[in-house]
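Visitor:
In our numbering, the protein residues as written are 19 to 725.
(1) Express the C-alpha separation of residue 665 and residue 593 in angstroms, rounding to a whole number.
(2) Between the region 82-94 and the region 159-168, can you find at least three pairs of beta-carbon atoms closer than 8 Å?
(3) Pop quiz: residue 455 and residue 395 are said to be a contact at Cβ under 8 Å. What is the actual Cβ separation, rounded to whole angstroms?
(4) With a threshold of 7 Å on Cβ separation, who are the neighbours of residue 687 within its own chain once the five nearest residues in sequence on each side are excluded?
(5) Throw me the rounded Cβ distance for the residue 153 and residue 145 pair, which I believe falls under 8 Å.
(6) Can you give the Cα-Cα distance for residue 51 and residue 81, rounded to whole angstroms?
(7) Where does residue 173 sit, in a helix, a strand or coil, going by DSSP?
(8) Only counting the same chain, and skipping five residues up and downstream in sequence, which positions put a Cβ closer than 8 Å to that of residue 545?
(9) Does DSSP put residue 244 in a helix, in a strand, or in coil?
(10) For residue 94, which three-state DSSP category applies?
(11) Span of the alpha helix (DSSP H) holding residue 414?
(12) Taking Cβ to Cβ, would you say residue 574 is nearer than 8 Å to residue 705?
(13) Kindly provide the ranges of any beta strand (DSSP E) runs that are 3 or more residues long and lie completely inside the region 471-507, ordered along the chain.
(14) Comparing alpha-carbon positions, which option in 482, 449, 453 lies nearest residue 400?
(15) Distance, Cα to Cα, residue 315 vs residue 280?
(16) Quick one: is residue 602 buried, meaning 16 or more other Cβ sit within 10 Å of its Cβ, or exposed?
(17) By a C-beta neighbour count over all protein chains shown, 10 Å radius and 16 as the cutoff for buried, is residue 30 buried or exposed?
(18) Should residue 92 go down as buried or exposed, given a rule of 16 or more other Cβ atoms within 10 Å for buried?
(19) Would you tell me roughly how many angstroms separate the C-alpha atoms of residue 67 and residue 155, rounded to the nearest one?
(20) Reducing DSSP to helix, strand and coil, say where residue 387 ends up.
(21) Opposite residue 360 in the DSSP bridges: which residues?
(22) Could you tell me which residues DSSP puts in a beta bridge with residue 814?
(23) Would you say the region 246-262 touches the region 326-341, given that touching needs at least three Cβ pairs under 8 Å?
(24) Just mark residue 491 as buried or exposed, buried being the case when its beta carbon has 16 or more other beta carbons within 10 Å.
(25) Below 8 Å on the Cβ atoms is my guess for residue 212 versus residue 638; work out the distance and round it to an integer in Å.
(26) Taking only runs that begin and end inside the region 556-580, name each unbroken alpha helix (DSSP H) of 4 or more residues, in chain order.
(27) Which residues does DSSP pair with residue 429 in a beta bridge?
(28) List in chain order: all unbroken alpha helix (DSSP H) runs of 4+ residues lying wholly within the region 196-268.
(29) Mind checking who residue 315 pairs with in its DSSP beta bridge?
(30) By the 10 Å Cβ neighbour count, where 16 or more other Cβ atoms means buried, how is residue 628 classified, buried or exposed?
(31) What is the residue span of the beta strand (DSSP E) that residue 284 lies within?
(32) By DSSP, does residue 547 sit in helix, in strand, or in coil?
(33) Please confirm if residue 195 has its CB atom under 8 Å from at least one CB of chain D.
(34) Rounded to whole angstroms, what's the CA-CA distance from residue 188 to residue 38? Just pull it up for me.
(35) Looking at C-alpha atoms only, which residue of 430, 621, 363 is the closest neighbour of residue 530?
(36) Take the Cβ of residue 527 as the centre, count every other Cβ of all protein chains shown within 10 Å, and call the residue buried at 16 or more, exposed below.
Below, the structure written as structure tokens:
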């Protein structure tokens, strides 16, 4: 992650120098990077937020945007100083005055654009569950860094410009070769777009429609697949299996694992203590596997492992990864991605229906490690109290239950310390009184009347069978059919499973199915993000209205949102075609970043008309050409800084940030390219009536509200 942060900063520096072709302006713009990052780290430390993978991810995503405000300010100051230097001596203004006016010219647009970029990250703090805990540090780091960059752009950047730029020799020269070449290529395209505005708008609408159609082909999942470099296998055999037999079967599993060249080592836990938080009998084992990947991909390795492990008889094996395994366990109480919970009253009917569901799931492509929660009948000794006889001897059932529990299960009375270890002292009957039903029945029980009565006189004692466990949720009996997902996205697998169960499984009255696991969390998170995303869009509109005091201008700028959506959807499709919670957060983030371009364009159009008296159509063409350089610089810095993160998406720790980076990168490409054509065309077509009106107070002067 730190490498991606470093590489992103290097790419930003290269872009700045190529566009500005001036060391001083490049260094002034880059000064925002270290200052913003230092302030971010100090703020995180004050808030108790540590430097970890997620906070570094937030800083990496923000790295390109940290210089955006400074770029806009420096570029405008540099251009205005160059224009001032080209004037005759009597008409030249003092450099400090030019710098002040140039900074003031873009101040309002910088503030509102940055506030919008910060607004779009607010939904991260309303996510609950695992996704909220994972993304909160990322959002916090991003917001702090962006706010620090705004403060730098409003204070340090103008001060450095005033100190350094008046002496810059490059003021006597024009644009850099790259900027001249870009303007030369852009000008005829812009004129064609303005001349054929209807065609440009129609083409954009067609592209948006195609992107919306493309979304129907995208898969859905909760969190991206992690690459943890290790596995956690849950290996379970029938309850009641002895420790020796379970050990033999699991040694066979370990032999199969170690036969793979990618497996470096294995470690096994056989059962868990009765008082453990997740108590397990000796028939359950967890095997940790350390990997060293070679030619095969992770998916190919998993498929080969499942094929070989299926040859071990009597074992139910679920393949997961340490972090993913624990996330699944927190979400549904199972160790798999999908948990189909079947509720009902009768345990045997639950088992029968669960087996039907398992058979349906096993036929679904992409459903792997399909198994039913182990619920079987095991031998039991049942002691059923006779309340009449108990009361006849002056006993209470509660007292007798405590006596029986102490006699056969034992009662902790003290502890013994031996060196570094502590042992419980447990009181219970000798083994000869616990070995069979007859001995238990002959156990003498003290009564209040003084007589000693055999237990068989107070209760019926018999050997029987009963369930090894009964699980409940919301006071209802349940059984779980679980599965992992391999080779497909989570949502499509769930949809196929749901359809198969509805067609092929007929549940008795009073029995019903609940779909849990990652699917449940994905649905909840998607719903939350959708609602918050709509609120964010409304917030963006409100801020734009406050900036421009015009509904029409606000809507023209918000055209960038669907333009950004086009590239984001295409990037997701080309990058695997699966939408996750991280991708959805990336779309919301993209909306804020893409809005900046529209603000810069429209505010400059109106400045040229209002302050410099430039005619309407000339203001559009000239304003677009003058804003070409800063818009491309900010977009390229924000986009290229994400490339190292996207390329390192398969590395451990980057799995959540990389999908966000893919969406933002793709959306920036489409919104920037289309923004330079669609926004001028829309402005030329719909903004003529507002062109001569004074501007909004928030953007620098005063202007009456209009719609």
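Where is the CB? At the ideal position from N, CA and C, for every residue including glycine.
Guide: This is what the structure holds:
(1) Looking at the two C-alpha atoms, the distance is approximately 11 Å.
(2) Touching, per the Cβ criterion.
(3) About 18 Å separates the two Cβ atoms, so there is no contact after all.
(4) 585, 657
(5) 6 Å
(6) Each residue's Cα considered, the two are about 7 Å apart.
(7) coil
(8) Counting only residues of its own chain and dropping the five nearest sequence neighbours on each side, residue 545 has no CB closer than 8 Å to any other CB.
(9) coil
(10) helix
(11) Careful: residue 414 lies outside any alpha helix (DSSP H) and carries neither H nor E.
(12) yes
(13) 477-485, 489-491, 494-503
(14) 482
(15) Straight-line Cα distance between these residues: approximately 10 Å.
(16) buried
(17) buried
(18) buried
(19) Residue 67 and residue 155: Cα-Cα distance of roughly 7 Å.
(20) strand
(21) 497, 531
(22) Absent from the model: residue 814. The displayed extent of the chain is 19 to 725, so no value can be given.
(23) yes
(24) exposed
(25) 7 Å
(26) 569-575
(27) 445
(28) 215-233
(29) Paired residues: none, contrary to the question.
(30) buried
(31) 281-290
(32) helix
(33) No chain D appears in this structure, which consists of one protein chain only.
(34) Reliability fails at residue 188, whose pLDDT of 49 lies under 50, so the model's placement of it is uncertain and the value that follows must be treated cautiously. Going from the Cα of residue 188 to the Cα of residue 38 covers about 10 Å.
(35) Considering only alpha carbons, the answer is 363.
(36) exposed
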